[in-house]
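**Student:** In this text, residue positions in the sequence shown follow the numbering used here: the first is 7, and each later residue adds one.
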Amino acid sequence: MPSSTHTAVHYPQLFVHITSIAVALVRLRRDLVATTLPHLGFILNALFRSLISPRTQLGARQLSQITDMLPWCVSTNNLLGANEARAVARLLTTLQAKTVPRNFTSKDREKGVDDERKADSLMKAFSKHAGPVLGSYINILVNALISLSSDVRDALEPGLFALCESMGEHGRDALMVSMLDANGRTVMKSIWREYEKQRYAGEG
7 MPSSTHTAVH YPQLFVHITS IAVALVRLRR DLVATTLPHL GFILNALFRS
57 LISPRTQLGA RQLSQITDML PWCVSTNNLL GANEARAVAR LLTTLQAKTV
107 PRNFTSKDRE KGVDDERKAD SLMKAFSKHA GPVLGSYINI LVNALISLSS
157 DVRDALEPGL FALCESMGEH GRDALMVSML DANGRTVMKS IWREYEKQRY
207 AGEG
């Protein structure tokens, strides 16, 4: 959550633990996550915001405006980087993983209940939330007061491609119309172009 106060101690491991918990829930308890997908979208937006850095030479008011977007556990003197961005990308790509929820208990087996569940992913279910999440990231990129290092952007790329796959062309077009300005649409086209390159390369 955004905070106007921040720890003086660097806690990057806390950020990674949060993403690891989310990954475990997506992989092992997809049945629970599927009923709370708006909350997952909210968490992803918060994780993106946690990776931002203020641009250099900002005035005190502008600097405060950006640092107040960061959660308390992120030190403004030692911001998050590529390692934490990779953790976010891992969470996003986990949406593509086909898993069987771990909610079949030993008591079910004792009762002779058959476990006939099929492996599936959250990709389709998350499709209507993927566009707003990607749109939030793009609006961060085009914010004149915010910087995202090239290392962070590169580390996030597999996760962005997972969002593109989830939303599809219809979601992309809706995002371009509803959430993005001219600069945002330019960024979206660039991301989609790179997504299609890697998708077609994987099919070759």
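Glycine included, C-beta positions come from ideal geometry on N, C-alpha and C.
So, is I24 buried or exposed, given that buried needs 16 or more other C-beta atoms within 10 angstroms?
**Tutor:** I24 comes out buried.
**Student:** Just checking my contact of S172 with L101 at CB under 8 Å: how many whole Å lie between their CB atoms?
**Tutor:** Yes, they are in contact, since the Cβ atoms of S172 and L101 sit about 6 Å apart, within 8 Å.
**Student:** Quick check on L20: buried or exposed, where buried means 16 or more other Cβ atoms within 10 Å of its Cβ?
**Tutor:** Exposed.
**Student:** Suppose the cutoff is 7 Å on Cβ atoms and the five residues either side in sequence are ignored; what does the same chain contact list for T190 look like?
**Tutor:** Residue identity differs from the one stated: residue 190 is Gly in this sequence, not Thr. Taken in chain order, the residues that qualify are I144, N145, V148.
**Student:** Spatial neighbours of I165 within its chain, please: C-beta separation below 8 Å, excluding the five flanking residues on both sides.
**Tutor:** As written in the sequence, residue 165 is Gly, which differs from the Ile given in the question. Same-chain partners within the cutoff: V94, A95, R96, L97, L98, T99.
**Student:** Of all the options S127, V22, K134, K124, which has the alpha carbon lying nearest to the alpha carbon of P44?
**Tutor:** It is K134.
**Student:** Between which residues of its own chain and A28 is the CB-CB distance below 7 Å, once the five residues before and five after are set aside?
**Tutor:** Here the set comprises I49, L97.
**Student:** Identify whether I144 lies in helix, strand or coil by the three-state DSSP scheme.
**Tutor:** Here I144 sits in helix by DSSP.
**Student:** Could you pull the start and end residues of the alpha helix (DSSP H) that V29 belongs to?
**Tutor:** Counting along the chain, the alpha helix (DSSP H) containing V29 begins and ends at 18–34.
**Student:** On the CB-based measure, 16 or more other CB atoms within 10 Å of its CB, does G177 come out buried or exposed?
**Tutor:** So G177 ends up on the buried side.
**Student:** Name the two residues that bound the continuous alpha helix (DSSP H) containing I49.
**Tutor:** 43–56 is the span of the alpha helix (DSSP H), which, as asked, contains I49.
**Student:** Could you check the C-alpha separation between L86 and K104 for me, to the nearest Å?
**Tutor:** About 30 Å.
**Student:** Quick check on the burial criterion: 16 or more other C-beta atoms within 10 angstroms. Buried or exposed for A125?
**Tutor:** Looking at its Cβ environment, which holds fewer than 16 other Cβ atoms inside 10 Å, A125 is exposed.
**Student:** If you draw a straight line from the alpha carbon of R68 to that of D37, how long is it in whole angstroms?
**Tutor:** Looking at the sequence shown, residue 68 is not Arg but Gln. One C-alpha to the other measures close to 42 Å.
**Student:** Between M194 and C79, what straight-line distance do the alpha-carbon atoms span, to the nearest angstrom?
**Tutor:** Cα to Cα, M194 sits roughly 30 Å from C79.
**Student:** With respect to the alpha helix (DSSP H) encompassing S100, which residues constitute its N-terminal and C-terminal limits?
**Tutor:** For clarity, residue 100 is Thr in the given sequence; the question names Ser instead. Here the alpha helix (DSSP H) through T100 covers 88–100.
**Student:** With L64 and L162 assumed to form a contact (beta carbons below 8 Å), what rounded beta-carbon distance in angstroms separates them?
**Tutor:** The pair is not a contact, with the Cβ atoms about 23 Å apart (cut-off 8 Å).
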